[in-house]
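Participant: First the structure, then my questions, so here it is.
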Amino acid sequence: MLATELALAVSYPSAGNIGGGGFMVYRKSDGSTGALDYRERAPINSTSDMYLDENMEIIEGLSMIGGLSIGVPGTIAGIFEAHERYGTLTINELISPVIELAKKGVIVTEKQKNRIEENRKYFKLVNKSKILFDNDFNTNDTIKFPNLASTLERIMEYGRDEFYKGETAKKLVEFIQNNGGIITLNDLESYEPVWRDPIIFNYDGLKIISMSPPSSGGVCINQIMKMIEPFDLKTFGHNSSNYIKLLVEAERRSFADRSHYLGDPDFIQVPVNKLTSESYLNSRMNDFSLEKPTDSNDIGYGNIEINESDETTHYSIVDQFGNAIAVTTTLNGTFGSKLYSNELGFFLNNEMDDFSSKPGYPNMYGLIGGEANKIEPQKRMLSSMTPTIVEKNGELFMTLGTPGGSTIITSVVQTILNVHEFNMTMQEAVNSARFHHQWKPDSIRIESELFDEKIKNNLIKSGYRLNDKGSIGRVDGILVKKDKKLEGGADKRGDDTAIGF
90 MLATELALAV SYPSAGNIGG GGFMVYRKSD GSTGALDYRE RAPINSTSDM
140 YLDENMEIIE GLSMIGGLSI GVPGTIAGIF EAHERYGTLT INELISPVIE
190 LAKKGVIVTE KQKNRIEENR KYFKLVNKSK ILFDNDFNTN DTIKFPNLAS
240 TLERIMEYGR DEFYKGETAK KLVEFIQNNG GIITLNDLES YEPVWRDPII
290 FNYDGLKIIS MSPPSSGGVC INQIMKMIEP FDLKTFGHNS SNYIKLLVEA
340 ERRSFADRSH YLGDPDFIQV PVNKLTSESY LNSRMNDFSL EKPTDSNDIG
390 YGNIEINESD ETTHYSIVDQ FGNAIAVTTT LNGTFGSKLY SNELGFFLNN
440 EMDDFSSKPG YPNMYGLIGG EANKIEPQKR MLSSMTPTIV EKNGELFMTL
490 GTPGGSTIIT SVVQTILNVH EFNMTMQEAV NSARFHHQWK PDSIRIESEL
540 FDEKIKNNLI KSGYRLNDKG SIGRVDGILV KKDKKLEGGA DKRGDDTAIG
590 F
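Heads up, the final residue of the sequence shown is numbered 590 in our numbering, and it's a clean run with no missing numbers.
Next comes the structure, spelled out in C-alpha cells:
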C-alpha cells in the first residue's frame with residue numbers, strides 16, 4: 090500500500106498525493122476485516138462561516154481553490170499507520186523505488202497532458218510564482234520531480250514525523266500560510282488516522298465490506314443495494330429502462346439521506362443502523378413506481394428517530410496469500426487546491442469544499458450538504474469515496490473502487506451488479522456504460538454515447554431528465570475466479586492498468 094500510494098503521488102499528481110487523504114478497507118486471508126480512515130481534517134482555526142460574506146452568502150471559489158481550501162493532510166500518517174500494523178518490507182525497501190521514479194521522471198500520457206492544459210489557468214491564478222506545471226508538456230514527454238524526491242528522502246529517513254513535525258512540516262505550514270491558508274504546525278502535529286469498523290451487509294448471497302463514515306460510501310451502497318434486492322434484476326435486463334429506473338429511484342432516496350444524516354462520527358451521531366435497517370429501506374421504496382419518476386422535491390430525507398471532485402484515484406491489491414485491500418485516495422478536485430509547493434514538490438488538497446459551507450447549498454460536485462457536515466475545527470469532512478471488498482461463500486470474491494466524486498457510490502454499485510447479476514468478467518463490468526442520480530439536481534447523469542437511443546427516449550417519455558456526461562467514474566477492481574486465478578479490470582476511461590507479478 091505504502092509504495093503504491095507514494096508512486097501515485099509521482100505518476101498521477103492530479104489525484105495521487107501526499108498532500109491529501111483517503112480510506113482503506115482490508116480483508117485478511119483469515120477473513121478478518123477492518124478499515125483505516127486517513128481523511129483530511131478541518132484546521133483548528135476554521136469556522137462554520139469561513140466561506141461566507143457579510144450577508145451570509147457563499148464567496149464563490151473560496152472553498153475550492155487556494156490556501157483556504159486546504160484541509161490537514163492525512164496520507165503520510167495513513168500509510169505509515171497501515172505499515173506499522175501490517176507491513177512486512179522495510180520503509181527503505183518501499184520508498185527507495187519511488188524516489189528513483191521521481192528522479193528519473195514519468196512519461197506524460199495524452200490524458201495527463203490535457204488535464205494539465207485544462208488547469209493551467211488556475212495554476213497561474215493561485216500560485217504566486219511559476220510552478221513546474223506551467224511548462225508546456227506534450228504526450229510522451231518526461232516530467233521529473235527532484236524536489237518531491239528530496240521530500241521523500243527526508244520522510245524515508247525520519248518517518249511520518251518528518252511530514253507532521255519535522256523540516257517538511259515547517260516548510261509546508263509556511264507555504265500554506267503565505268498563500269492565505271490557516272493550517273498551523275499544531276494542526277499537523279495533532280493529526281492522527283483512525284481505525285474504524287467497516288460497513289458490512291449481505292446482498293443476494295454476497296457479503297459486502299465497505300467504508301464507514303466519514304465516508305458516505307458504505308452506508309449509501311448498503312441502502313441502494315438493499316432497496317433493490319427484492320426485485321428481479323435479471324428479468325429487467327442489464328441497463329434496460331426499467332433497470333435504470335429502479336436504480337435511479339434507490340440512488341435518489343439514498344443521496345437524500347446522505348445530505349441530512351451523514352458526517353464525521355467523532356462529531357455527530359450517525360444513525361447507521363437505522364438508515365440501513367430493512368424496515369426503513371422498505372418504507373423508502375413504498376412510493377416507487379416504474380410508471381413515473383419521484384420528484385426529488387417530494388422525497389427529502391427519510392424520517393427516522395435519532396438518539397464531494399470528480400478527481401480521485403483508487404487501487405485494489407490482492408497478494409499471493411489472499412490478503413486484499415481497496416484504497417481510495419484524493420486531493421478532491423483535479424490538482425486539489427491548485428496550490429503547488431515548488432520546494433516540496435507536491436499539490437495540496439481542496440478538501441474543505443466537501444464540508445457544507447452553507448447547509449442546503451451544493452458543493453463542486455452538486456452535492457447538497459446539511460448541518461451534520463458543517464465545518465468544525467478538526468472535523469473530518471464527508472466523503473463519497475467507496476473502497477469495497479466483496480465475499481462470496483465465505484471466500485474473497487472481489488475488491489474494487491473508483492474516483493468520480495459523487496458518482497463513486499453509484500459506479501461501485503453498478504460494477505458489483507454487473508459481475509454478480511449479469512455474469513460479466515471484471516473487465517466487462519468496469520467498461521460497461523454507467524448512469525448516476527444523486528437526488529439533486531433532479532436529473533440522470535448518463536454516458537449518453539454508450540446507451541441505445543430507445544432506452545434514453547423511454548426514460549425521457551417516462552418523465553426523467555437526462556444529463557449527457559462524457560464519462561462516469563474509472564473503476565478498477567480484481568475478481569477472484571472459480572479456479573482461484575485473479576482477473577484485474579482496469580477502466581478504459583482512464584490511463585488505468587491491471588498488473589500481476
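Backbone N, C-alpha and C define an ideal beta-carbon position, used for all residues, glycine too.
For the 8 Å Cβ check, are there 3 or more pairs between the segment 404-411 and the segment 195-204?
Facilitator: no
Participant: DSSP puts Trp472 in a beta bridge; with which residues?
Facilitator: Locating residue 472 in the sequence shown gives position 383, where the first residue counts as 1. Reading the sequence as shown, one finds Ser at residue 472 and not Trp. Residue pairing by DSSP places Ser472 opposite Ser304 in a beta bridge.
Participant: With a 10 Å radius around its C-beta and 16 neighbouring C-beta atoms as the bar for buried, classify Met145 as buried or exposed.
Facilitator: Taking the sequence shown and counting its residues from 1, the one referred to as residue 145 is at position 56. Looking at its Cβ environment, which holds fewer than 16 other Cβ atoms inside 10 Å, Met145 is exposed.
Participant: For the 8 Å Cβ check, are there 3 or more pairs between the segment 219-239 and the segment 263-271?
Facilitator: Touching, no.
Participant: Counting C-beta neighbours from all protein chains within 10 Å, is the total for Lys296 16 or more, i.e. buried, or is it exposed?
Facilitator: Within the sequence shown, residue 296 is the residue found at index 207, counting from 1. So Lys296 counts as buried.
Participant: If Asn134 and Asn431 are in contact, beta carbons under 8 Å, what's the gap, nearest whole angstrom?
Facilitator: Locating residue 134 in the sequence shown gives position 45, counting from the first residue. Locating residue 431 in the sequence shown gives position 342, counting from the first residue. Asn134 to Asn431, Cβ: 25 Å. No contact.
Participant: Can you name, in chain order, every residue of its own chain whose Cβ lies under 6 Å from the Cβ of Leu277, other than the five neighbours on each side?
Facilitator: Here the question's residue 277 lines up with position 188 in the sequence shown. Contacts found: Tyr253, Ala258.
Participant: Applying the 10 Å Cβ sphere with the 16-neighbour rule, what's the burial state of Glu129?
Facilitator: The count along the sequence shown starts at 1 and reaches residue 129 at position 40. With 16 or more Cβ atoms within 10 Å of its Cβ, Glu129 is classed as buried.
Participant: From the DSSP output, which residues share a beta bridge with Gly577?
Facilitator: Along the sequence shown, one-based indexing puts residue 577 at 488. According to DSSP, Gly577 bridges with Ile567.
Participant: Rank Thr122, Leu506, Lys427, Ser329 by C-alpha distance to the C-alpha of Asn439 and give the top, closest one.
Facilitator: Reading the sequence shown from its first residue, position 350 is the one you call residue 439. Here the closest residue by C-alpha is Lys427.
Participant: Roughly how many whole angstroms lie between the Cα atoms of Gly306 and Gly160?
Facilitator: Start at 1 with the first residue of the sequence shown, and residue 306 comes out as number 217. Start at 1 with the first residue of the sequence shown, and residue 160 comes out as number 71. Rounded to whole angstroms, Gly306 to Gly160 spans 20 Å at the Cα level.
Participant: Three-state secondary structure (DSSP) at Asn396?
Facilitator: Counting from 1 along the sequence shown, the entry for residue 396 is found at position 307. At Asn396 the pLDDT is 38, less than 50, meaning the model places this residue with poor confidence and gives no usable figure here.
Participant: Assuming Ala171 contacts Met90 (C-beta within less than 8 Å), just tell me the rounded distance between them.
Facilitator: The residue given as residue 171 occupies position 82 in the sequence shown. The residue given as residue 90 occupies position 1 in the sequence shown. Ala171 to Met90, Cβ: 5 Å. Contact.
Participant: If distances are taken between C-alpha atoms only, which option among Tyr350, Arg243, Arg249, Ser152 comes closest to Gly434?
Facilitator: Here residue 434 corresponds to residue number 345 of the sequence shown, with the count starting at 1. Of the candidates Tyr350, Arg243, Arg249, Ser152, the one whose C-alpha sits nearest the C-alpha of Gly434 is Arg243.
Participant: Please report the distance separating the alpha-carbon of Ser158 from that of Lys571.
Facilitator: If you number the sequence shown from 1, residue 158 lands on position 69. If you number the sequence shown from 1, residue 571 lands on position 482. About 47 Å.
Participant: If distances are taken between C-alpha atoms only, which option among Phe222, Thr586, Met470 comes closest to Phe356?
Facilitator: Indexing the sequence shown from 1 puts residue 356 at position 267. The residue with the shortest Cα to Cα distance from Phe356 is Met470.
Participant: Tell me whether Gly167 sits in a helix, a strand or coil according to DSSP, three-state version.
Facilitator: As a first step, residue 167 is located in the sequence shown; it is residue number 78 there, counting from the start. Gly167 falls in the helix class under three-state DSSP.
Participant: Please report how far the alpha carbon of Asp531 lies from the alpha carbon of Ala345, in whole angstroms.
Facilitator: Translated into the one-based positions of the sequence shown, residue 531 becomes position 442. Translated into the one-based positions of the sequence shown, residue 345 becomes position 256. Rounded to the nearest angstrom, the two C-alpha atoms are 11 Å apart.
Participant: Which runs of the alpha helix (DSSP H), 4 residues or longer, sit entirely within the segment 322-386?
Facilitator: Counting only runs that start and end inside the segment 322-386, the alpha helix (DSSP H) elements of at least 4 residues fall at 322-325, 330-350, 361-364, 367-373.
Participant: So, with DSSP's three-state summary, where would you put Ala591?
Facilitator: Outside the shown range of the chain (90 to 590) lies residue 591, about which nothing can therefore be said.
Participant: Using a Cβ-Cβ cut-off of 8 Å (strictly less than) and excluding sequence neighbours within five positions of Lys381, which residues of its own chain qualify?
Facilitator: For this step, residue 381 is matched to residue 292 along the sequence shown. Same-chain partners within the cutoff: Ser551, Gly552.
Participant: Can you tell me which residues form a DSSP beta bridge with Ser445?
Facilitator: Residue 445 sits at position 356 when you count from the first residue of the sequence shown. Ser445 pairs with Lys463.
Participant: Where does Lys487 sit, in a helix, a strand or coil, going by DSSP?
Facilitator: Taking the first residue of the sequence shown as 1, we reach residue 487 at position 398. A quick correction: the sequence has Met, not Lys, at residue 487. Met487 falls in the strand class under three-state DSSP.
Participant: Compare the Cα-Cα distances from Met300 to each of Ile288, Asp293, Ile310, Lys213 and report the closest residue.
Facilitator: Along the sequence shown, read from residue 1 onward, the residue named residue 300 stands at position 211. The residue with the shortest Cα to Cα distance from Met300 is Ile288.
Participant: Am I right that Ser537 and Lys545 are in contact with their C-beta atoms under 8 Å? What's the rounded C-beta distance?
Facilitator: Residue numbering aside, residue 537 sits at position 448 when the sequence shown is read from its first letter. Residue numbering aside, residue 545 sits at position 456 when the sequence shown is read from its first letter. Ser537 to Lys545, Cβ: 7 Å. Contact.
Participant: Run the CB neighbour count on Asn396, radius 10 Å, all protein chains shown included, and call it buried at 16 or more, exposed below.
Facilitator: As a position in the sequence shown, residue 396 is number 307, starting the count at 1. Its pLDDT being 38, under 50, Asn396 is placed unreliably in this model, and the value from its coordinates should be taken loosely. Flag for Asn396 reads exposed.
Participant: Within the same chain, show all residues whose beta-carbon is closer than 6 Å to that of Arg582, passing over the 5 residues directly before and after it, in chain order.
Facilitator: Start at 1 with the first residue of the sequence shown, and residue 582 comes out as number 493. So the qualifying residues of the chain are Ser560, Arg563.
Participant: Alpha carbon to alpha carbon, what distance is there between Arg554 and Glu281?
Facilitator: In the sequence shown, the residue the question calls residue 281 occupies position 192. In the sequence shown, the residue the question calls residue 554 occupies position 465. Each residue's Cα considered, the two are about 44 Å apart.
Participant: Contact between the segment 485-498 and the segment 164-184 is defined here as three or more beta-carbon pairs at a separation below 8 Å; is this criterion met?
Facilitator: Short answer: they don't touch.
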